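**Student:** Dropping the structure in here first, questions after.
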Amino acid sequence: MSKLRDLNTPIFWAEGHPGKLDRESWQVEIKGTCEKPVKLSWPEIIKLPKTVVEGRLTSVTRFSVFGHWGGVRLSDIAKMAGIKPGTGFVRFWSVDKKYDTSIPLDIAMQEKTLLAYEFDGELLDEDYGGPVRIFCPYLWGYKSAKSVVEIIFCKDYVSGYWENRGYTDEALITAGDVRDMNSGGQIRPIPDGEVKKFLDE
Ligand SMILES: Nc1nc2c(c(=O)[nH]1)N[C@H]1C(S)=C(S)[C@@H](COP(=O)(O)O)O[C@H]1N2
Ligand SMILES: [Mo]
12 MSKLRDLNTP
22 IFWAEGHPGK
32 LDRESWQVEI
42 KGTCEKPVKL
52 SWPEIIKLPK
62 TVVEGRLTSV
72 TRFSVFGHWG
82 GVRLSDIAKM
92 AGIKPGTGFV
102 RFWSVDKKYD
112 TSIPLDIAMQ
122 EKTLLAYEFD
132 GELLDEDYGG
142 PVRIFCPYLW
152 GYKSAKSVVE
162 IIFCKDYVSG
172 YWENRGYTDE
182 ALITAGDVRD
192 MNSGGQIRPI
202 PDGEVKKFLD
212 E
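Mapping of the sequence shown onto the working numbering: residues 12 to 212, in sequence order.
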C-alpha cells in the first residue's frame, strides 16, 4: 500500500529499477567540501530532526503530485557537515551510482528541500525512491534523485544523468499544463507568472 501508488504517480527509474532495497542497512555518505564528512545509517537518519513540508513534485514530463513530505532538511545536513566557504552546489548519487544530479547550494538550503523518507506519513518504498530520496519542489523532478547513497558538497557544477541527455541544468519549472495526480491526472494549467504560487498549493 502506498499513497503515491494510489494516486497513480508515475514511477521513473531511467537507469533501471534497482529491485528491493534494504532500509535497515541503508547508508548515505555525506562528503565533499565540508569539515565533517559522515556516513549516516538509516537509524541515524531517522533520529535527526524531522521536518514535514507541504509541497509538490513536478516532472518536466508534466505530472505533479502534492502531499506532505517528511525527512531531514538539506540545510540541517549542511550544518551538521560544516560546509566550507566556496561550496556552490550539492550533487546527489542514487543507488549503484548510475544516476546523479546537482542543484545550487542556495536552492538546497531552502526550507522545503529535504532528504525525504516519507510521503503523507508513509515510508517511501523503492518504487518512489525509498529508503531516502531528495525532495526539491522548487525545480523539475529530475533534480529529486531517488534512493540516494551520496550527497556531495562541491565548488563547481557538474551536469547529471538527465542534464547530459538534454534537460536543462537549471531545471526551472515553467508555466504550462500539468497532469495533477491529486485529481486523477486531470489537466491543470500553471499560469504565466504563477509558477511559485502553484508550487505551494
Ligand atoms: N535514481 C533516479 N532518480 C530519479 C529519476 C530516475 O530515473 N532515477 N527520475 C527523476 C524524475 S525525472 C522525476 S520526475 C522523479 C519522479 O519521481 P517518482 O518516480 O517517485 O514519481 O524522480 C527523479 N529522480
Ligand atoms: Mo521527470
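Ideal Cβ placement from N, Cα and C applies to all residues, glycine included.
Only a predicted model underlies this, so the values are computations on that prediction, with no experimental measurement involved.
State yes or no: is the C-beta of Phe-23 within less than 8 angstroms of the C-beta of Trp-80?
**Tutor:** The answer is no: Cβ separation not under 8 angstroms.
**Student:** To the nearest angstrom, how far is the alpha carbon of Ala-186 from that of Ser-36?
**Tutor:** Roughly 41 angstroms separates the two Cα atoms.
**Student:** Taking DSSP as the reference, what is the three-state secondary structure of Leu-15?
**Tutor:** DSSP places Leu-15 in helix when its eight states are reduced to three.
**Student:** What's the call for Gly-132, buried or exposed, on a 16-neighbour Cβ count within 10 Å?
**Tutor:** Answer is exposed; the Cβ neighbour count stays below 16.
**Student:** Restricting to Cα atoms, I'd like to know which of Ser-170, Val-71, Ser-158 and Glu-137 is closest to Ile-145.
**Tutor:** Cα-wise, what sits closest to Ile-145 is Ser-158.
**Student:** Helix, strand or coil: how does DSSP classify Asp-211 here?
**Tutor:** The answer is helix: DSSP assigns Asp-211 an H, G or I state.
**Student:** As a quick exercise: from Glu-55, Glu-40 and Ile-56, pick the residue whose alpha carbon is nearest that of Val-49.
**Tutor:** Selected option, being the one with the closest Cα: Glu-40.
**Student:** What does a CB cutoff of less than 6 angstroms around Lys-42 pick up in its chain, not counting 5 residues either side in sequence?
**Tutor:** Answer for Lys-42: Pro-48 and Ile-163, listed in chain order.
**Student:** Per DSSP, Trp-80 is paired with what?
**Tutor:** In DSSP, Trp-80 forms a bridge with Val-64 and Phe-130.
**Student:** Enumerate in chain order the residues of its own chain whose CB-to-CB distance from Leu-15 is below 6 angstroms, with the five nearest sequence positions on each side excluded.
**Tutor:** Excluding positions up to five away in sequence, the list reads Phe-130 and Tyr-139.
**Student:** Can you give the Cα-Cα distance for Glu-8 and Glu-212, rounded to whole angstroms?
**Tutor:** Given a span of 12 to 212 for the chain in the structure shown, any question on residue 8 remains unanswerable.
**Student:** For the alpha helix (DSSP H) holding Asp-117, just list the boundary residues, first then last.
**Tutor:** Taken as a continuous stretch (DSSP letters only), the alpha helix (DSSP H) holding Asp-117 covers 116 to 119.
**Student:** Is Leu-85 closer than 8 angstroms to Pro-148 when the C-beta atoms are compared?
**Tutor:** Their beta carbons are not under 8 angstroms apart, which means Pro-148 does not touch Leu-85 by this criterion.
**Student:** Assuming Arg-190 and Ile-198 are in contact, meaning their beta carbons sit under 8 angstroms apart, how far apart are those beta carbons, in whole angstroms?
**Tutor:** Confirmed, about 6 angstroms.
**Student:** Using a Cβ-Cβ cutoff of less than 6 angstroms, which residues in the same chain neighbour Phe-77 once the five nearest sequence positions on both sides are dropped?
**Tutor:** Closer than 6 angstroms at Cβ, skipping near neighbours: Arg-67 and Asn-193.
**Student:** Taking a cut-off of 6 angstroms, which residues have a beta-carbon closer than that to any heavy atom of ligand 2, in chain order?
**Tutor:** Result (chain order): Phe-23, Ser-70, Val-71, Thr-72, Gly-152 and Tyr-153.
**Student:** Please list, in chain order, all residues of the same chain as Arg-34 whose beta carbon is under 8 angstroms from its beta carbon, the five residues on each side excluded.
**Tutor:** If we look at Arg-34 and ignore the five residues flanking it on each side, its Cβ neighbours are Trp-53, Leu-134, Gly-141 and Pro-142.
**Student:** Indicate whether the contact test is met: 3 or more Cβ pairs, each with one atom in the segment 95 to 114 and one in the segment 170 to 180, closer than 8 angstroms.
**Tutor:** Yes: at least three Cβ pairs fall under 8 angstroms.
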